[in-house]
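Enquirer: What follows is a structure written as structure tokens; I'll ask about it next.
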Amino acid sequence: MATTHVQPTVFIWQGRDKRGTKLKGQQIATTPNLVRAELRRQGITPISVKKKPKPLFGGAGSRVSAKDIAVFSRQLATMLKSGVPLVTSMQIISGGLKNPRMRTMVDKIRAEVESGSTLHEAFAEFPVQFDELYINLVKAGESAGVLDTILDNIATHKERIESIKGKIRKALYYPAAVIAVAIIVSSILLIYVIPQFEGIFQSFGADLPAFTKMVVNASRYMRSNGIYILAVTIIAIVAFIMLKKRSIKFAHFIDRISLKLPIVGGILEQAAIARFCRTLAITFAAGVPLVDALQIVNGSTGNRIFDDAAGRIREDVAVGHQLQMAMQQVGVFPNMVIQMAAIGEEAGSLDDMLIKVAEAYEEEVNNAVDALSSLLEPLIIVFIGVIVGTMVVAMYLPIFKMAAVI
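Under the working numbering, the first residue of the sequence shown carries the number 14, and numbering increases by one thereafter.
Structural data, given as structure tokens:
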């Protein structure tokens with residue numbers, strides 16, 4: 014007879030210890046009876062045990078980020094290296110977590126392991142937080158008996174990837190945010206401030222300078238059509254995001270165009286190459302066959318052009334081609350990367366060579382982003398100054414003209 018697997022649940026309990034002191038807390042278990050049994054084992058008389066209610070508006074606490082997973086992996090690796098049992102390690106880690114969602118997830122993973130699941134099977138219950146790469150590496154580590162080393166490598170991998178992501182976000186979001194602020198400030202000036210000056214100019218009864226007329230007309234247009242411009246802008250942004258998520262062809266087009274952008278395109282390309290090499294290196298080093306490792310890499314580079322390249326490389330390798338030849342055929346990797354892969358294949362140290370390539374490209378990304386940030390900061394200041402200064406000058410030109418006449 015098939016047995017049904019009961020999912021662990023968070024229970025809220027209240028009880029009294031041997032001195033009569035009232036206690037309360039949370040416990041992960043499959044049934045309330047197991048919670049009561051555990052409390053009695055600890056010398057606590059249970060008063061009530063009930064399921065923790067779900068929050069009205071989604072899960073409580075902060076979301077579980079990639080950084081949280083990296084820290085968890087590092088802590089678990091450290092404890093396992095020190096000889097602490099797996100279940101005890103997760104119990105200790107859970108007790109020190111401040112993020113409620115992360116703590117609940119770790120407790121559920123611990124309960125799964127206690128009930129007989131392997132660690133990679135427990136992680137597979139949370140596919141959003143633990144992707145295919147993570148689960149396959151943990152599975153390989155469990156099979157080879159080197160789980161602590163694998164978790165340490167995963168933590169390093171995630172830290173490096175998140176560092177690159179953070180750098181790229183900084184390079185892209187900072188100027189975009191400043192430009193957005195400049196547009197908002199300009200809109201406020203056009204809608205609320207310039208009309209005040211327009212009333213003053215009309216009381217003069219004199220002809221306005223052409224530059225001032227242009228700004229006043231822009232103000233009138235914004236007041237008449239501002240709501241429509243805002244609506245069209247929001248619709249366009251939402252449509253772009255939805256189309257990119259739902260249309261594979263459109264997403265490919267955007268990723269291809271992004272690689273051709275001046276300056277930024279080079280940074281995105283270097284970041285994708287670094288992620289490809291690092292992911293393939295740690296997967297292959299964990300004992301995963303090269304064809305399977307390439308399957309895992311497909312989808313982890315952050316750019317669909319390189320994801321597709323990984324898929325085509327996997328197909329070529331599966332029929333017997335060398336990795337370096339397959340990489341050359343897809344036409345997206347620089348010659349240096351291909352040559353390093355060839356040397357690694359010949360020397361039997363492919364993972365080491367790919368790690369060196371990843372580190373080199375990660376360093377280039379860091380340097381490029383730092384240089385771009387240093388270049389953009391003064392340009393953005395000038396940009397905002399020109400926009401605001403243009404409107405101020407346009408408003409004061411008639412005053413200066415009258416003063417000169419007087």
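Note that CB positions come from ideal geometry on N, CA and C, so glycine has one too. Treat the numbers as computed from the prediction; the structure is a model and nothing was measured.
What residue does the alpha helix (DSSP H) around residue 142 start on, and which one ends it?
Expert: Neither: residue 142 is in no alpha helix (DSSP H) and is coded neither H nor E.
Enquirer: Hey, residue 368 and residue 294: beta-carbon distance below 7 Å or not?
Expert: Contact: yes.
Enquirer: Between 341, 320, 225 and 376, which lies nearest to residue 409 when the distance is taken from Cα to Cα?
Expert: Residue 409 has its Cα closest to that of 225, out of 341, 320, 225 and 376.
Enquirer: Please identify the residue among 141, 128, 134 and 135 whose C-alpha is closest to the C-alpha of residue 81.
Expert: Out of 141, 128, 134 and 135, 141 has the C-alpha closest to the C-alpha of residue 81.
Enquirer: Between the C-alpha atoms of residue 130 and residue 354, what's the straight-line distance to the nearest angstrom?
Expert: The straight-line gap from Cα to Cα measures roughly 38 Å.
Enquirer: Please confirm if the region 170-186 is in contact with the region 196-213, defined as three or more CB-CB distances below 8 Å between the two stretches.
Expert: The region 170-186 vs the region 196-213: no contact.
Enquirer: So, with DSSP's three-state summary, where would you put residue 171?
Expert: The answer is helix: DSSP assigns residue 171 an H, G or I state.
Enquirer: 7 Å is my cut-off, CB to CB: does residue 322 come that close to chain B?
Expert: Absent from the structure: chain B. Only one protein chain is present.
Enquirer: At which residues does the beta strand (DSSP E) containing residue 58 begin and terminate?
Expert: Note, residue 58: beta strand (DSSP E), 58-64.
Enquirer: Which runs of the alpha helix (DSSP H), 4 residues or longer, sit entirely within the region 329-386?
Expert: Taking only runs of at least 4 residues, the alpha helix (DSSP H) segments lying wholly in the region 329-386 are 336-343 and 348-360.
Enquirer: CB residue 305 to CB residue 311, shorter than 7 Å?
Expert: No, the pair does not count as a contact, with Cβ atoms beyond the cut-off.
Enquirer: Residue 241: buried (16+ other C-beta within 10 angstroms of its C-beta) or exposed?
Expert: Exposed, since its Cβ has fewer than 16 Cβ neighbours within 10 Å.
Enquirer: Where residue 350 and residue 331 are concerned, what is the direct C-alpha to C-alpha distance, given to the nearest angstrom?
Expert: Residue 350 and residue 331: Cα-Cα distance of roughly 20 Å.
Enquirer: Reducing DSSP to helix, strand and coil, say where residue 111 ends up.
Expert: Correct three-state label for residue 111: coil.
Enquirer: Measure the C-alpha to C-alpha separation of residue 348 and residue 341 and round it to an integer number of angstroms.
Expert: Rounded to whole angstroms, residue 348 to residue 341 spans 8 Å at the Cα level.
Enquirer: Compare the C-alpha of residue 231 against each of 203, 209 and 221 and name the closest.
Expert: Residue 203 is the option with its Cα nearest to residue 231.
Enquirer: According to DSSP, what are the bridge partners of residue 38?
Expert: Looking at the DSSP assignment, residue 38 forms a beta bridge with 26.
Enquirer: Within this structure, are the beta carbons of residue 59 and residue 28 separated by less than 7 Å?
Expert: In contact: residue 59 and residue 28 (Cβ atoms closer than 7 Å).
Enquirer: Apart from the five residues just before and just after residue 396, which ones in its own chain have a Cβ nearer than 7 Å to its Cβ?
Expert: Once the five neighbours on either side are set aside, the close Cβ partners of residue 396 are 195.
Enquirer: Looking at residue 301: is its Cβ nearer than 7 Å to the Cβ of residue 153?
Expert: Yes, the pair counts as a contact, with Cβ atoms nearer than the cut-off.
Enquirer: Once the 5 residues before and after residue 73 are set aside, which same chain residues still bring their CB inside 6 Å of it?
Expert: Any reading at residue 73 must be qualified, since the residue scores a pLDDT of 46, below 50, and its modelled position is unreliable; the value itself is stated next. Excluding sequence neighbours, residue 73 sits near 113.
Enquirer: One question on the structure: do residue 316 and residue 383 come within less than 7 Å of each other, judged by their Cβ atoms?
Expert: No, the pair does not count as a contact, with Cβ atoms beyond the cut-off.
Enquirer: Which one of 252, 92, 91 and 49 has the shortest CA to CA distance from residue 30?
Expert: The shortest C-alpha separation from residue 30 is found at 49.
Enquirer: For residue 402, collect the residues of the same chain with a Cβ closer than 8 Å to its Cβ; drop the 5 residues on either side in sequence, then sort them by chain order.
Expert: If we look at residue 402 and ignore the five residues flanking it on each side, it has no Cβ neighbours.
Enquirer: Among 79, 189 and 168, which residue has its Cα nearest to the Cα of residue 392?
Expert: Nearest of 79, 189 and 168 to residue 392, Cα basis: 189.
Enquirer: Nearest-angstrom Cα distance between residue 255 and residue 186?
Expert: Rounded to whole angstroms, residue 255 to residue 186 spans 20 Å at the Cα level.
Enquirer: Take the Cβ of residue 238 as the centre, count every other Cβ of all protein chains shown within 10 Å, and call the residue buried at 16 or more, exposed below.
Expert: With fewer than 16 other Cβ atoms within 10 Å, it is exposed.
Enquirer: Check this for me: beta carbons of residue 133 and residue 148, under 7 Å apart or not?
Expert: Against a cut-off of 7 Å, the Cβ pair of residue 148 and residue 133 comes out as a contact.
Enquirer: Hey, residue 336 and residue 358 are a contact pair by Cβ (cut 8 Å); roughly how many whole angstroms apart?
Expert: Indeed they touch by this definition, with Cβ atoms about 6 Å apart.
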